[in-house]
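Using the working numbering, read the first sequence as starting at 5 and increasing by one per residue. Heads up, the beta-carbon is just placed ideally off N, CA and C, and yes, glycines get one too. Quick caveat: nothing in here was measured; it's all calculated off a predicted structure.
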Amino acid sequence: MRVRFAPSPTGALHIGGARAALYNHLAARGAALQGEPSQFVLRIEDTDVERSTQENVEQIIDALQWLGIDWDEGPISQVSHEARHREVVEDLLARGLAYRTTAAADDVRAYKDEHGADKGFRGTDEGEGAIRLHVPDGETVVHDLIRGDTVFQNVHMDDPVIARADGRPLYNLAVAVDDIDAQITHVIRGEDHLSNTPKQLLVYAALGVEPPIWAHLPLLHGPDGKKLSKRHGAASVQELREAGYLPEAVINYLALLGWGDSDDETILSRAELEQRFDVGKVTKHPARFDETKLRWLNGKYLRSLSVDDLTARLEEHTGRTGLRGAVEISQEKISTFHDFWPLAGFIFDGPKVDDEKARAQWLDEEGQRVLAQTRDALAALDAFTLETVEQTLRELPAQLEVKPKQVFQSVRVALAGTTVSPGIFESAALLGKDETLRRIDVAIGGGVPAA
RNA sequence: GCCCCCAUGGUGUAGCGGUUAGCACGUCAGCCUUUCACGCUGGUAGCAGGAGUUCGAUUCUCCUUGGGGGUACCA
């Protein structure tokens, strides 16, 4: 099995594209597991030289590598096949399978007005103009691993333009020729290509080459059912990465978006996916990309990481260092990298200053009285550890005859500036005795945290 | 307009003629609990509609409706 991923080099790796890449990759790796020689070819090219910039190509490669999708051949990043394409076009012309015509969109419309809206355009050889392929009578059947057979009546098909008047090749010719040359056996791509497949099949037939096995994936939509775009939030892998998701979670989520197994497992490792994935079982209907479940999955993966591993990733993502202690006490409370700083940032940057409500409720007269007592109790500790801090704080409510919540929340607001934080014993222990007492002092002195 | 594809709860899916229609996310309730989470328990919610075929349709066929794609001298 030889499959390829051939995105248009626009720079961003669209989520739908990433899923197509993943499915190709899983199909190849899965087949390899069965002992079948398999290759995954990466081809980033365009008949439009302008768009195929090195920068765009590199962005896609980078996104693919982040996801952990590797390739056996490629990437082919240049418009390197034009000569070959021209050669094929000349051959088709010479054999009378294609012809030149100056007919443009208006002429095609006029033709349909005359012959019927469902009749495909048929031109005559004028010896100049764009090059169109002759569509023969009959029908063209697309055999698809996911959809079964789809029959297209050739009468409905316009003679497709395969090259511009200046000889530069067009997509439908280029993909077919490139896939033939690369000896691709399975073409797994988005459903948006299904309607154009008959045109490509015509090229295969004209060249006398056995076509590959097709598999057209359903498209991805946004949460509202409309085409996925930036206004839905993240629409590309780069944006997902920036939003603080783990590549493992993204892969797992994408694999399950449009494909399901009779097995009910949800959390699947790369190895399990390679083993179980079956293109034939991909759904036929479009799926909505909804970040809610991705967040949940991401949290699952994030919590399963070792503290060291998570710390390293978080330090890379935030550009800060010395995060380990904070990571350790925050891990079970966050589901993406972006949740980390809002939760634990106070440890490094001081208490939050904008939560007036929390301060009003917990640093009022009663709160300050409790904090004063708390401060004394903590100050008396020789060893300021998680155990001693916890023991001390737990004894306070009874001694002061207040509810436990009064003590814990007042301390929390004094240390963090807000009512949401990692465990309070853990936070105090991490801050250390001096800093903990300092923050409590500041809170008692009027509740205004120091800079 | 023309051609093509698709249709199970709010979302992602399992199901492949007979099931109490399963699982996961979400949501709701409860438990746990120093906050927020995590975790656990339980609940809620679905076969788009209409004709057939059949002893029997979520499952097969057709129509309607709805959604999507294609229709460039774009990819």
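- In chain order, Ala253, Asn256, Tyr257, Thr270 and Ile271 place their CB closer than 8 Å to the CB of leucine 301, counting only its own chain and leaving out the 5 sequence neighbours on each side.
- For arginine 55, the CB contacts under 8 Å within the same chain, skipping 5 residues up- and downstream, are Ser12, Pro13 and Thr14 in chain order.
- Between aspartate 313 and histidine 220, the beta carbon gap of about 38 Å keeps them out of contact (Cβ cut-off 8 Å).
- If only complete runs of 4 or more residues are kept, the region 164–189 shows the alpha helix (DSSP H) at 175–185, in order along the chain.
- If you draw a 10 Å sphere on the C-beta of arginine 235, you find fewer than 16 other C-beta atoms in it, and that means exposed.
- For the options Asp359, Lys356 and Tyr305, the alpha carbon positioned closest to that of isoleucine 338 is the one of Tyr305.
- At the C-beta level, valine 411 and threonine 440 stay beyond 8 Å of one another.
- The DSSP-derived three-state label of aspartate 445 is helix.
- For glutamate 130, the three-state secondary structure derived from DSSP is coil.
- Nearest Cα to glycine 284 within the set Ala22, Gly34 and Phe9: Gly34.
- The alpha helix (DSSP H) runs lying completely inside the region 188–270 and spanning 4 residues or more are 201–211, 241–246 and 251–260, given in chain order.
- Under the 10 Å beta carbon count, serine 240 is surrounded by 16 or more other beta carbons and is classified as buried.
- A residue is called buried when at least 16 other Cβ atoms come within 10 angstroms of its Cβ; lysine 203 meets this threshold and is buried.
- Collapsing the DSSP output to three states places arginine 299 in a helix.
- Apart from sequence neighbours up to five positions away, the residues of its chain that approach glycine 21 with a beta-carbon distance below 7 Å are Pro11, ordered along the chain.
- Using a Cβ distance threshold of 8 Å, proline 227 and threonine 287 do not count as a contacting pair.
- Leucine 101 is not a Cβ neighbour of isoleucine 135, given a cutoff of 8 Å.
- Every unbroken stretch of the beta strand (DSSP E) spanning 3 or more residues and falling wholly within the region 27–51 is given here in chain order: 43–47.
- Residue environment for proline 173: buried (at least 16 other C-beta atoms within 10 angstroms of its C-beta).
- Annotation for histidine 119: the continuous alpha helix (DSSP H) segment containing it runs 109–119.
- At a Cβ-Cβ threshold of 8 Å, histidine 225 and proline 140 do not count as neighbours.
- Burial is judged here by how many other beta carbons sit within 10 angstroms of a residue's own beta carbon; serine 414 has at least 16 and is buried.
- Beta bridge pairing from DSSP links valine 155 with Val145.
- If you draw a straight line from the Cα of aspartate 380 to the Cα of phenylalanine 429, it comes to about 16 Å.
- The Cβ-Cβ distance between proline 426 and leucine 318 does not fall below 8 Å.
- Rounded to whole angstroms, the separation of the alpha carbons of leucine 397 and lysine 437 is 13 Å.
- In summary, histidine 119 is exposed, with fewer than 16 beta-carbon neighbours lying within 10 Å of its beta-carbon over all protein chains present.
- DSSP places glycine 371 within a helical segment (H, G or I) once states are collapsed to three.
- For isoleucine 80, the enclosing beta strand (DSSP E) covers residues 77–80.
- Phenylalanine 341 and arginine 416 have their C-alpha atoms some 23 Å from each other.
- The C-beta distance from alanine 420 to lysine 356 rounds to 7 Å, short enough to meet the 8 Å contact threshold.
- Sequence-distant partners of threonine 325 (beyond 5 residues in either direction) whose C-beta falls short of 7 Å from its own C-beta, in its chain, are Glu319.
- Per DSSP, the beta bridge partners of arginine 136 are Tyr103 and Val165.
- Counting only runs of 4 or more residues that sit fully inside the region 312–354, the alpha helix (DSSP H) segments are 328–334 and 341–353, in chain order.
- Shown here, phenylalanine 9 sits in a strand according to DSSP, grouped into three states.
- For isoleucine 48 against isoleucine 64, the beta-carbon gap comes to about 6 Å, under 8 Å, which counts as contact.
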